[in-house]
DNA sequence: CGCTTTCGGTTCAATCAACGAACCGAACCT
DNA sequence: AGGTTCGGTTCGTTGATTGAACCGAAAGCG
């Protein structure tokens, strides 16, 4: 997608956001980060993005303060959302909802987000990422997501079948590392 | 930004949205459409996007049902947001808010949106595009936007100075064609 | 009528980014 | 010592973006 080089004179908050987020693969990388993917190899497995491109995107996001790179073992690093990164959740959710409403693929919207830590019992998120039960905008860490057909490995649709994709289809809480 | 070719197996509403919206310039074109820009030449003047790219993006958006191409004079066409396009407003607004909070340029957030048709008197939009006065999510057509420094043509910042940019800095209602 | 301008493009060569395959170094396992 | 995993980098090829030039239809102008 877009690059900073030509956006900078646009005097527009959207253009400034796109300088960081607008390139190809960037928003999908961040979506995976919200889903709990943290490692280079897992992002590769799930996205099929060329190594060089993923390397570049992660470096850009780290430099922009959206991701933080931290070692989890000697010589091994993981990428975790910063506060600015977590703050992207409403934008990502809203964009995804639009995709659900207007770009339906075979099977329609297939993923739900539930407010797991809801004092009012929890419900699937509505427009804007609001919880209809308690009326607040839950932080991503208090959400649980599930695919509507977690075991659709029947070959009728071209589902991905790597370990990361299978883990993401099972119900799990956002931001928690994959098993 | 991103292309459909490699997104299609992602089983994800966000990926489907990005197949249409994820390419370079696309979201800025749509932002201008919300601001009332409708003509090829005006988009060119405001965005400095190559003609071929703008032509391609508009065709993609029309084919995706986000924009509608309609003649306004013999041999002259304009591009107007469809219902699906108008439905993108919360996503664009939320992304722009993120840019305002985390990617502040010189001068900080410089554009406000006010609920002009608000039964409770109106106020600047808050998170998620909600009107704090009446508590609803106003349609883009009932909003008025203004730049916080409409006459900052003092040369201290590299403001654009074409007719479209100047029109967009003045207060005006969204979706209404430029004068 | 002939001339010019505006609008909304298309075509083209050059540049830039993305892709896929190969390679690499550090850490760990056996 | 040999093999594997992880997180890259390098490199040649393919594909997209860019800027400049050109084009056709529809006015406007004298």
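Protein chains in written order, with the numbering used here: chain A, 1 to 179; chain B, 1001 to 1179. We put the beta carbon where it would ideally sit given N, CA and C, even for glycine.
Residue 1093(B) is not a Cβ neighbour of residue 1135(B), given a cutoff of 8 Å. Listed in chain order, the beta strand (DSSP E) runs fully inside the segment 1043 to 1083 of chain B are 1067 to 1073, 1076 to 1081, counting runs of at least 3 residues. For residue 143(A), the enclosing beta strand (DSSP E) starts and ends at 143 to 147. Exposed is the label assigned to residue 1076(B), since fewer than 16 other Cβ atoms lie within 10 Å of its Cβ. In this structure residue 1133(B) is in contact with residue 1115(B), their Cβ atoms being roughly 7 Å apart against a cut-off of 8 Å. Taking the CA atoms as reference points, residue 1164(B) sits about 23 Å from residue 1023(B).
Under DSSP, residue 1040(B) takes part in no beta bridge, so it has no partner. With contacts defined as CB atoms closer than 8 Å, residue 21(A) and residue 27(A) qualify as a contacting pair.
In the DSSP assignment, residue 113(A) falls within the beta strand (DSSP E) that extends over 111 to 115.
Per the Cβ contact rule, the segment 49 to 60 of chain A is not in contact with the segment 82 to 89 of chain A (fewer than 3 Cβ pairs under 8 Å). For residue 91(A), the number of other beta carbons within 10 angstroms of its own is at least 16, and it is reported as buried.
For residue 1019(B), the number of other beta carbons within 10 angstroms of its own is at least 16, and it is reported as buried. In this structure, the alpha-carbon of residue 36(A) lies about 5 Å from that of residue 176(A). Distances from the CA of residue 1063(B) to each of 1080(B), 1118(B), 1102(B) were compared; the closest alpha carbon is that of 1080(B).
Shown in chain order are the members of the segment 18 to 46 of chain A whose Cβ falls below 8 Å from a Cβ of chain B: 18, 19, 20, 21, 22, 23, 24, 25, 26, 27, 28, 31. For a cut-off of 8 Å, the C-beta gap from residue 111(A) to residue 61(A) is around 23 Å, too long to register as a contact. For the segment 58 to 74 of chain A, the set of positions with a beta-carbon nearer than 9 Å to some beta-carbon of chain B reads 64, 65, 66 in chain order. For residue 90(A), the enclosing alpha helix (DSSP H) has its first and last residue at 89 to 102.
Secondary structure of residue 1160(B) (DSSP, three-state): coil. DSSP places residue 1032(B) inside the alpha helix (DSSP H), whose first and last residues are 1026 to 1034. Inter-residue distance for residue 1031(B) and residue 120(A) is about 37 Å (C-alpha atoms, whole angstroms). Leaving aside the five residues that flank residue 160(A) on each side, none in its chain has a CB nearer than 7 Å to its CB. The C-beta distance from residue 1103(B) to residue 59(A) rounds to 17 Å, too long to meet the 8 Å contact threshold.
Around the beta carbon of residue 1140(B), a 10 Å sphere encloses 16 or more other beta carbons of the protein chains shown; the residue is thus reported as buried. Chain order gives no chain B residues near residue 121(A), where near means a beta carbon separation below 8 Å; the closest approach is about 22 Å. Excluding residues up to 5 positions away in sequence, 1125, 1143, 1145 lie with their Cβ nearer than 6 Å to the Cβ of residue 1113(B) in the same chain. Boundaries cannot be given for residue 1170(B), as no alpha helix (DSSP H) includes it and DSSP labels it neither H nor E. Counted as a single uninterrupted DSSP element, the alpha helix (DSSP H) harbouring residue 19(A) occupies residues 13 to 21.
Among the residues facing chain B, residue 172(A) is not included, as its CB has no counterpart in that chain under 8 Å away.
Cα atoms of residue 1015(B) and residue 65(A): separation of roughly 23 Å, rounded to the nearest angstrom.
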